[in-house]
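Trainee:
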Amino acid sequence: MQAINRKQLFLASCLALLVTSLSFGIRAGILGRLGVQFALNKSELGTITATAFWGFPLAVIIGGMIVDAIGMKKLLMLAFIFHILGIVLTIFAGSFSNPFWALFISTLLIGIANGTVEAACNPLVTALFPGNKTTKLNHFHLWFPGGIVIGTLIVYFLDKAAINWQIQVALMIIPAILYGLIFVRQKFPQTERVSSGISTGEMYRSLANPLFIFMIICMFGTAITELFTGQWMEVLLKNISDNAILLITVYTAVQAIGRAFAGPVVHRLAPQGVLLMSAILAALGLYLLGHTTGNMIFIGALVFGMGVCYFWPTMLGFVSEYLPKTGAVGINLMGGAGMFAVSVYIMFMGGVYDNLIQKQLPPGADLKVYNSAEATEQMKAALNEANKAAGPQVINTTLIIPVILIVAFAGLYIYMRNKKKVVLQPVIN
């Protein structure tokens with residue numbers, strides 16, 4: 012009988028998440044270029060970007076509901092197929108008569124693949140490491156910012172070498188094939204909920220716990236703070252900094268390093284203490300990003316990276332450790348709720364951004380023309396000035412969210428004092 016190889020399963024999980032994060036990093040780096048090449052305004056770019064964020068919750072919630080029934084392995088094979096299809100369609104988007112819809116569908120496919128990876132890998136990591144869940148989730152999720160660092164550096168250096176964006180996107184196929192090959196040969200464990208004998212009914216009843224509902228609401232805020240800002244940083248700040256793409260690299264590098272050393276931090280502060288500290292630093296970082304220029308903006312990116320570093324994996328880890336009876340559905344509902352909130356916020360703020368820019372341009376100006384490759388130098392200069400004013404305004408609007416989270420997590424910290432983690436014991440047949 013084949014044994015469960017924890018190292019191989021964890022390695023393949025990290026590679027699968029690397030593809031997810033590369034899709035974020037590379038898309039963030041080429042987003043402005045896609046807008047120019049295909050004459051897309053910020054609202055259309057926002058709709059395309061948001062597609063990944065609502066494809067993700069669709070997949071992660073459905074995946075969370077069926078993972079116990081069909082197994083984590085089959086889910087991950089589906090993720091592999093959707094990743095390959097989405098990447099290939101993105102590369103050939105310019106071959107279609109309407110590139111907007113090609114980018115929309117390809118981004119949706121990648122979003123579904125990304126959500127399916129989370130739906131399977133989050134419960135897989137907690138099943139592989141039941142005594143160290145929050146720390147190992149942080150180690151697993153370090154490949155999200157880590158992949159964004161790699162993705163943005165790919166964009167930066169290949170742009171310098173005049174290598175087109177299609178080749179940059181195609182590089183994601185390599186880790187996708189690797190994780191597919193590893194997973195297809197491995198034996199998978201049962202999820203923690205199933206191995207502990209918790210019934211499906213009890214799992215769904217546990218979702219009504221007020222503490223779980225509170226964490227879902229907080230997940231809206233933590234996900235928007237981290238992922239909206241990260242995905243749109245290059246667009247929002249490209250007219251404030253000459254190297255806006257490197258701002259993404261700075262803050263995501265801090266995230267990756269922080270998650271790599273999550274163990275001592277989580278042990279010292281407990282998940283709720285980590286979340287409170289994170290909200291404070293995220294608010295300070297956003298304030299600096301929205302109110303500074305020059306080299307100080309890189310300090311803002313660094314502080315922001317420290318703030319959002321532990322948000323996502325620690326939110327999942329909190330639920331897994333204090334509300335383990337919610338099972339795979341609980342942990343995946345958290346991820347799905349976060350991504351859904353981001354998708355709605357991105358579409359909303361895309362329209363807000365266009366309106367802010369429109370107000371800065373001459374009356375009656377056609378924003379689509381100003382965004383096109385045919386725009387005159389005078390139009391480009393006017394648009395640059397409009398972007399310079401609008402970007403920080405969008406960031407300052409988003410700043411409200413981590414400020415609210417500071418209050419929420421302070422209350423959580425007080426509530427959770429002296430409460431211990433809930434440990435599920437495997438059923439021995």
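For the sequence shown, counting from 1, position 155 maps to 166 in my numbering; every step adds exactly one.
The C-beta atom is built at its ideal place from N, Cα and C for all residues, glycine as well.
Everything numeric in this text was worked out from a predicted model, so none of it was measured.
1) Tell me whether the beta-carbon of MET4 lies closer than 8 Å to the beta-carbon of MET230.
2) What does a CB cutoff of less than 7 Å around THR337 pick up in its chain, not counting 5 residues either side in sequence?
3) Among GLY349, ASN125, GLN371 and PRO335, which one has its Cα closest to the Cα of ALA70?
4) Let me know if GLY301 comes out buried or exposed under the rule of 16 or more other beta-carbons within 10 Å of its beta-carbon.
5) One question on the structure: do GLY57 and GLY361 come within less than 8 Å of each other, judged by their Cβ atoms?
6) Between the Cα of TYR262 and those of ILE308, ILE235, PHE315 and THR240, spot the shortest distance and give me the residue it belongs to.
7) Can you give the beta carbon distance from LEU28 to VAL128, rounded, assuming they're within the 8 Å contact cut?
8) Name the residue from ALA400, LEU287, PHE225 and ALA352 whose alpha carbon lies nearest to the alpha carbon of PHE322.
9) Give the secondary structure of LYS198 by DSSP, where H, G and I count as helix, E and B as strand, and everything else as coil.
10) Cutting at 6 Å between CB atoms, please list the residues of its own chain near THR137, excluding the five before and the five after it.
11) Checking 8 Å against the spacing of the C-beta atoms, do GLY311 and GLY296 come in under that value?
12) How far does the alpha helix (DSSP H) with GLY162 in it reach, from first residue to last?
13) For a test of the three-state rule: what should DSSP assign to VAL433, helix, strand or coil?
14) Taking one C-beta from the region 366-380 and one from the region 166-173 each time, how about it: are there three or more such pairs within less than 8 Å?
15) Measuring only the C-alpha atoms, how far is LYS198 from ILE41?
16) Touching or not, the region 392-412 and the region 263-283, by the rule of three or more beta carbon pairs under 8 Å?
17) Nearest-angstrom Cα distance between ILE178 and ILE185?
18) Rounded to whole angstroms, what is the Cα-Cα separation between ALA400 and ILE368?
19) CB of LEU86 to nearest heavy atom of the ligand NAP: below 7 Å?
20) Are the beta-carbon atoms belonging to ILE308 and LEU258 less than 8 Å from one another?
21) Output the residue ranges of the beta strand (DSSP E) runs that lie fully inside the region 303-373 and measure 3 residues or longer, sorted by chain position.
Mentor: On the basis of the data shown:
1) Since the displayed the chain opens at 12 and closes at 440, residue 4 lies outside it and no answer follows.
2) MET214, SER217, LEU218, PHE223 and VAL330
3) ASN125
4) buried
5) yes
6) PHE315
7) Sure, about 6 Å apart at Cβ, within 8 Å.
8) LEU287
9) In this structure, DSSP gives LYS198 a state outside helix and strand, which the three-state scheme calls coil.
10) LYS144, GLU203 and SER331
11) yes
12) 154-171
13) coil
14) no
15) 38 Å
16) no
17) For ILE178 and ILE185, the distance between alpha carbons rounds to 12 Å.
18) 8 Å
19) Absence of the ligand NAP is noted for the structure shown, with no ligands found whatsoever.
20) yes
21) None, since the region 303-373 contains no complete beta strand (DSSP E) of that length.
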